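Asks: Protein chains in written order, with my numbering: chain X, 14 to 300; chain H, 14 to 300. Structure provided below as structure tokens; questions to follow.
Protein chains: 2
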Amino acid sequence: MANEIFGHIEGFPPGSEFSSRIELSRAGVHRHSQAGIAGSQQVGADSIVLSGGYEDDHDDGDTIIYTGYGGRDPNSGQQIADQELIRWNLALARSMQEGLPVRVIRGAKLDSPHAPQEGYRYDGLYQVVDFWQERGEAGFLVWRYRLEVLDPFEYHLTTLPPRHIRETRRVSSTIQRIVRDTELAREVKKLYDYRCQVGGQRLEGPGGPYAEAAHIQPLGSPHNGPDVMGNIICLCPNHHVLFDIGAYTISDDYSLVGSIEGRLEVKPQHRISREFLQYRRERYRIS
Amino acid sequence: MANEIFGHIEGFPPGSEFSSRIELSRAGVHRHSQAGIAGSQQVGADSIVLSGGYEDDHDDGDTIIYTGYGGRDPNSGQQIADQELIRWNLALARSMQEGLPVRVIRGAKLDSPHAPQEGYRYDGLYQVVDFWQERGEAGFLVWRYRLEVLDPFEYHLTTLPPRHIRETRRVSSTIQRIVRDTELAREVKKLYDYRCQVGGQRLEGPGGPYAEAAHIQPLGSPHNGPDVMGNIICLCPNHHVLFDIGAYTISDDYSLVGSIEGRLEVKPQHRISREFLQYRRERYRIS
């Protein structure tokens with residue numbers, strides 16, 4: 014397979030339409046003529062097609078919950094086995110870790126108000142912001158990915174009159190990581206005096222200490238974890254990244270499970286709920 | 014002084030106009046009736062006023078280069094001493110480290126195409142994404158801050174017809190940190206096999222290794238560092254945060270200067286230019 018190309022493809026701005034997968038592939042917008050994910054696990058996935066193959070997919074327009082590949086009967090299309098974090102599924106994980114933009118193409122068969130009337134439509138660049146494992150509707154484990162539009166301004170403009178649409182430009186830099194914080198998150202950081210609950214590190218800068226807060230059961234759809242102190246921990250950026258990408262989860266006794274060893278330090282007045290830890294373990298465990 | 018309030022103030026959406034500083038203060042949009050920066054060094058700054066006081070300020074609309082306070086003669090307004098990283102200047106540094114939104118108000122005296130015709134106008138939420146020290150036009154050291162609009166979509170909509178303007182909503186989460194990456198940055202990460210050049214850490218996730226690239230002389234205005242390998246280093250998130258917030262800089266012999274000790278590991282084929290190291294040291298040193 015040719016090298017991946019990340020970002021817009023020259024000559025095919027968001028909104029471009031294609032009559033078939035072959036045409037999409039020839040344009041280089043989604044090079045694989047059959048698979049839903051194009052790319053490699055070494056470099057990352059550069060495009061995906063949403064065409065209604067998985068009933069588990071969920072399309073909100075600017076955010077998408079996308080199901081990985083594998084475990085389906087080639088004839089019936091039924092899920093008959095667990096999906097593994099290999100090949101294209103790993104490629105999407107790599108894209109998240111590298112902050113690579115993923116082209117999203119929607120097909121007419123997709124059950125979504127955002128699907129085109131016919132054929133396929135290139136809908137612009139998204140980024141993978143989360144991935145996890147869960148039991149799909151058919152009862153087997155599937156990998157799921159949350160994608161968000163890379164440039165909300167560009168995205169919303171495509172729904173406004175054409176005169177407002179900006180020139181398509183090449184993406185020269187990508188967003189690798191965004192850390193969001195809530196009011197309560199700052200309370201937790203204060204409680205630990207900005208010290209990492211996993212490694213004990215405390216970063217100090219000219220503007221005072223620096224730490225990040227992580228929600229154990231993530232905020233937002235489809236996880237919908239609550240923004241309460243029992244669901245928030247204080248981490249240094251390194252342990253936050255490792256938590257986000259699923260390098261470790263946390264047992265009920267606060268020992269770490271995964272590729273790093275250790276234990277979460279928890280103050281007596283900080284009551285972490287086991288249901289959140291369990292939610293996390295079930296979805297973010299390493300295979 | 015009352016507690017800081019971060020985010021929009023109820024009843025005063027972006028675009029709200031005020032006839033005087035007193036009116037701005039009473040509305041709670043910018044509580045301090047004289048200082049350009051409102052807030053505290055413990056919690057952070059919650060608003061700033063751009064009113065043309067400093068000739069060093071630079072206003073591009075969605076990005077602003079703002080000069081800190083202090084060192085000016087109260088009568089003439091001339092810069093007569095170096096500015097220090099104290100009080101309100103520290104408050105803005107704190108806002109950057111905590112990812113807190115800062116309300117931006119423009120006054121009619123501001124020399125900018127974005128200034129209002131008269132009085133003051135609240136122009137929405139920005140975030141501090143960088144701060145550094147440099148010699149201002151009067152020859153004294155000043156602290157400078159780069160602010161960017163928090164929500165580009167909201168910002169651009171204020172320039173479109175009113176029917177497109179969304180309802181103002183409270184900011185419940187803030188962006189604490191965005192890591193952008195370039196094509197060349199990925200080359201540098203590969204060269205070091207994703208190992209931190211400062212601490213030697215190598216983070217490993219299900220999607221492979223994770224590292225971040227940092228530009229020594231930052232990209233973008235006003236630094237305009239080039240995107241070349243001699244200006245890029247490979248760091249773990251912790252050492253990247255510490256580098257960004259000015260906790261350390263790097264000597265020509267690669268030893269670290271600042272609040273952490275150590276040495277940058279550099280491969281023979283990676284030629285880091287001294288001019289970039291010097292640029293960084295001159296602006297990001299700790300007082």
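Where is the CB? At the ideal position from N, CA and C, for every residue including glycine. Everything numeric in this text was worked out from a predicted model, so none of it was measured.
Using the Cα positions of G52/H and P235/H, report the straight-line distance between them to the nearest angstrom.
Replies: When rounded, the distance between both Cα atoms is 26 Å.
Asks: Starting from E225/X, trace the alpha helix (DSSP H) both ways and give me its first and last residue.
Replies: Counting along the chain, E225/X falls outside any alpha helix (DSSP H), though it belongs to the beta strand (DSSP E) covering E225 to H228.
Asks: Whose C-beta lies closer than 8 Å to the C-beta of R298/X among residues of the same chain, with five residues either side of it excluded?
Replies: Excluding positions up to five away in sequence, the list reads Q146, G259, T262, V270 and G271.
Asks: When the distance is taken between beta carbons, is S29/X closer than 8 Å to G120/X?
Replies: Contact flag unset, no.
Asks: Beta-carbon of L138/X versus every beta-carbon of chain H: anything under 8 Å?
Replies: It does not: the Cβ of L138/X has no partner Cβ on chain H nearer than 8 Å.
Asks: Closest to D70/H by CA distance: which of H43/H, L98/H, S33/H and A151/H is it?
Replies: Here the closest residue by C-alpha is A151/H.
Asks: Please report whether the beta-carbon of I258/X lies at a distance below 8 Å from any beta-carbon of chain H.
Replies: True, the Cβ-Cβ gap to chain H drops below 8 Å.
Asks: In the DSSP assignment, find the unbroken alpha helix (DSSP H) run with L138/H in it and report its ends.
Replies: Element bounds for L138/H: not the alpha helix (DSSP H) but the beta strand (DSSP E), Y133 to R148.
Asks: So which residues of chain H does N251/X contact, with C-beta pairs closer than 7 Å?
Replies: Within chain H, the residues near N251/X are Q214, L216, C249, P250 and N251.
Asks: Three or more C-beta pairs closer than 8 Å, one from the region 238 to 246 of chain H and one from the region 278 to 289 of chain H: is that the case here?
Replies: These segments touch.
Asks: Quick one: what's got a C-beta closer than 6 Å to K122/X's C-beta in the same chain, skipping five residues either side?
Replies: Closer than 6 Å at Cβ, skipping near neighbours: S64 and G65.
Asks: Could you tell me which chain X residues have their CB closer than 9 Å to the CB of M242/H, listed as they occur along the chain?
Replies: Ordered by position in chain X, no residue passes the 9 Å Cβ test against M242/H, which lies about 15 Å from the chain.
Asks: Please list the terminal residues of the continuous beta strand (DSSP E) segment that includes R294/X.
Replies: R294/X -> not in any beta strand (DSSP E); alpha helix (DSSP H) instead, spanning R287 to Y297.
Asks: At a Cβ cut of 9 Å, what residues of the region 105 to 125 of chain H count as close to chain X, listed as they run along the chain?
Replies: So the list reads L105, A106, R107, S108, M109, Q110, E111, G112 and L113, given in the order they occur along the chain.
Asks: Hey, is V192/X's beta-carbon within less than 8 Å of any beta-carbon in chain H?
Replies: Yes, V192/X counts as interfacial toward chain H.
Asks: Along the chain, where does the beta strand (DSSP E) containing V201/X start, and where does it finish?
Replies: Unbroken run through V201/X is the alpha helix (DSSP H), E196 to L204; no beta strand (DSSP E).
Asks: How many angstroms separate the CA atom of Y79/H from the CA atom of S108/X?
Replies: C-alpha separation (whole angstroms): 35 Å.
Asks: CB-CB under 8 Å to D265/H, same chain, minus the five flanking residues each way: which ones, in chain order?
Replies: Contacts found: R287, L290 and Q291.
Asks: Tell me where the beta strand (DSSP E) around P250/X begins and ends.
Replies: Careful: P250/X lies outside any beta strand (DSSP E), inside the alpha helix (DSSP H) at P250 to D257.
Asks: Expressed to the nearest angstrom, what Euclidean distance is found between the alpha-carbon atoms of S33/H and G41/H?
Replies: Taking the straight line from one Cα to the other gives about 13 Å.
Asks: Give me the chain X residues within the contact set of R199/H, using Cβ-Cβ distance strictly less than 8 Å, ordered along the chain.
Replies: By Cβ distance, chain X contributes E111.
Asks: How would you write the range of the beta strand (DSSP E) that R107/H sits in, first residue to last?
Replies: It is not in any beta strand (DSSP E) - R107/H instead sits in the alpha helix (DSSP H) that spans R100 to E111.
Asks: If the cut-off is 7 Å on Cβ atoms, which residues from the region 70 to 83 of chain X count as contacting chain H, listed in chain order?
Replies: The region 70 to 83 of chain X vs chain H, Cβ under 7 Å: nothing.
Asks: Measure from the alpha carbon of L216/H to the alpha carbon of each residue in E111/X, I118/X and Y158/X, then state which is nearest.
Replies: Closest option to L216/H, Cα to Cα, is E111/X.
Asks: Between D124/H and the rest of its own chain, which residues show a CB-CB distance below 6 Å, the 5 nearest in sequence each way excluded?
Replies: Taken in chain order, the residues that qualify are G65.
Asks: I need the DSSP call for R159/X, collapsed to helix, strand or coil.
Replies: Strand at R159/X.
Asks: Beta-carbon within less than 7 Å of I50/H's beta-carbon, same chain only, minus the 5 sequence neighbours each way: which residues are those?
Replies: A58, I61, Y82, W101, A104 and L105.
Asks: By the DSSP assignment, the beta strand (DSSP E) with S53/H in it spans what residues?
Replies: Element bounds for S53/H: I50 to S53.
Asks: Go through its chain and collect everything with a Cβ distance to R293/X's Cβ below 8 Å, but skip five positions before and after it.
Replies: Around R293/X: I229, Q230, T262 and I263.
Asks: Would DSSP call V184/H helix, strand or coil?
Replies: The pLDDT assigned to V184/H is 44, lower than 50, so where the model puts this residue is not dependable, and the model offers no usable value.
Asks: Suppose you measure from the CA of A94/H to the CA of R157/H; what does that come to, to the nearest Å?
Replies: Approximately 15 Å, taken between the alpha carbons.
Asks: DSSP three-state label for R208/X, please.
Replies: If DSSP states are grouped into helix, strand and coil, R208/X belongs with coil.
Asks: In whole angstroms, what separates the C-alpha of A224/H from that of V117/X?
Replies: In a straight line, the C-alpha of A224/H is about 26 Å away from that of V117/X.
Asks: If we ignore side chains and look at the alpha-carbon of each, how far apart do L247/H and R284/H end up?
Replies: The sequence shown places Cys at residue 247/H, not Leu. Rounded to the nearest angstrom, the two C-alpha atoms are 13 Å apart.
Asks: Would you say V302/H lies against chain X (beta-carbon separation less than 8 Å)?
Replies: In the structure displayed, chain H extends from 14 to 300; residue 302/H sits before or after that span and is not available.
Asks: By the criterion of Cβ-Cβ separation under 7 Å, what are the contact partners of Y223/X in chain H?
Replies: Here the neighbours are Q110, V254 and I258.
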